[in-house]
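To keep things clear, I will list the structure first and then write my remarks on it.
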Amino acid sequence: NPAFFVHQPDTFLSLQLLVFTNIILQLVEKTKSLSETKSSSKSFRVSLQKKENAYKMSMVNVSNMMVLDNPAPFGNPLQFEITFECLQPLEDDLEWKVVYVGSAKSSSHDQTLDEILVGPVPQGVNKFILQADPPNATSIPENDILGVTVILVTCSYREKEFLRVGYYVNNEYVEEYDPEVGPPKPLDFGKVVRTILADKPRVTRFPINWGDPNAEEEKQQSETIQEGDIGMEADQEQGDDDMMDDDEEEDEEEDGNCDVEVDLAEDIPDSNMIATE
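Offset between the sequence shown (1-based) and this note's numbering: plus 62.
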């Protein structure tokens with residue numbers, strides 16, 4: 063009743079003040095709630111960014127990989143002088159592996175020539191020689207012994223492969239023979255020379271989790287960049303590219319990872335140069 067407020071002005075002012083106070087309190091509560099929401103969102107983004115960085119930044123970067131004793135007889139050990147930089151001390155060892163691709167037709171002929179653990183790995187530049195036994199010729203199809211194949215040098219951390227370096231290899235019978243008949247059989251491996259094409263290795267990198275081993279599984283997608291070609295004859299190159307790609311595709315299907323491919327020449331100096339510590 064308006065007449066009531068005319069005769070009771072104090073009561074009317076009190077009601078106005080009460081309503082105004084309630085409005086102010088509601089605004090304060092909304093402002094506080096909005097501030098808490100923004101703070102929570104910011105913390106989530108920071109946490110997500112830390113997880114992203116754990117995948118993107120590799121703690122181990124190979125600065126040089128030099129093939130030793132090359133060319134060499136087929137039966138000689140394979141030797142690689144590897145120089146790499148570790149950005150911080152690693153809690154676990156690095157696992158290095160040398161794989162010889164025995165046939166382009168089937169991965170069942172692949173041979174793991176050596177598998178070693180390197181550690182503890184301190185921060186800074188490290189260098190070591192990775193030596194592996196030659197492949198077992200009896201496990202290689204007879205028609206695939208001579209000619210071009212692939213050798214892979216891989217590195218893993220906590221059973222997750224993050225680096226793969228592929229080299230084309232040419233096995234040649236040095237004694238003259240009739241091309242229409244082929245080399246004498248059984249093959250004299252003392253006359254087979256192995257030449258690793260060390261000037262243009264092919265590098266594949268995989269993003270892995272370098273942080274908490276109990277963190278979420280590795281991301282399923284990453285951009286693929288491929289640069290350069292291996293300097294070989296076109297007919298040999300096509301078949302051997304398929305050989306290396308098939309081997310990489312099998313691992314990608316198992317791990318669910320895509321790879322990033324670059325020319326090692328951009329990252330590693332010429333193979334005839336030894337990186338200094």
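Note that CB positions come from ideal geometry on N, CA and C, so glycine has one too.
Coarse secondary structure for E204, derived from DSSP in three states: Looking at E204 - three-state DSSP - the assignment turns out to be helix.
Selected residue, minimal CA-CA separation from R264, among M127, I270, Y239 and D154: Checking every option, the nearest Cα to that of R264 belongs to M127.
Collapsed DSSP secondary structure at I86 in the structure displayed: Three-state result, I86: helix.
To the nearest angstrom, how far is it from the Cα of G137 to the Cα of Q150? For the pair G137 and Q150, the Cα-to-Cα distance works out to about 38 Å.
Assuming G164 and P135 make a contact with CB atoms under 8 Å, what is their CB distance in whole Å? That pair is no contact at about 18 Å.
Return the first residue and the last residue of the beta strand (DSSP E) that K253 is part of. Counting along the chain, no beta strand (DSSP E) covers K253, and no H or E run does either.
Around the Cβ of T211, are there at least 16 other Cβ atoms within 10 angstroms (buried) or fewer (exposed)? Buried.
Since G209 and N233 should fall inside the 8 Å C-beta cutoff, what is the C-beta to C-beta distance between them, to a whole number of angstroms? Contact between G209 and N233 holds, with the beta-carbon distance rounding to 6 Å and staying under 8 Å.
Using a Cβ-based criterion (distance less than 7 Å to any ligand heavy atom), does G244 qualify as near the ligand NAD? Here there are no bound small molecules, and the ligand NAD is not part of this structure.
Simplified DSSP assignment, three categories, for S165: The answer is coil: DSSP assigns S165 none of H, G, I, E or B.
With 16 other Cβ atoms within 10 Å as the buried cut-off, status of I330: Only weak support is given to the placement of I330: the predicted model assigns it a pLDDT of 41, under 50, and the value that follows is read from those uncertain coordinates. By the 10 Å Cβ count, I330 comes out buried.
Local conformation of L259 per DSSP, three classes: The DSSP-derived three-state label of L259 is coil.
Could you have a look at L156 and say whether DSSP puts it in helix, strand or coil? In the three-state DSSP reduction, L156 falls in the strand class (E or B).
Measuring alpha carbon to alpha carbon, tell me which of L89, T216, H171 and D195 ends up nearest V180. Minimum Cα distance to V180 is reached at T216.
Tell me whether N205 is buried or exposed, calling it buried when 16 or more other Cβ atoms sit within 10 Å of its Cβ. Result: exposed.
Looking only at its chain, what residues have a beta carbon closer than 7 Å to the beta carbon of N123, apart from the 5 residues adjacent to it on each side? Contacts found: F146 and E147.
Cutting at 6 Å between CB atoms, please list the residues of its own chain near P133, excluding the five before and the five after it. Once the five neighbours on either side are set aside, the close Cβ partners of P133 are V255 and T257.
Taking the beta strand (DSSP E) that S218 belongs to, which residues open and close that run? Start and end: G209 to Y219.
Decide if Y230 is buried, meaning its Cβ has at least 16 other Cβ atoms within 10 Å, or exposed. When all chains shown are included, Y230 counts as buried.
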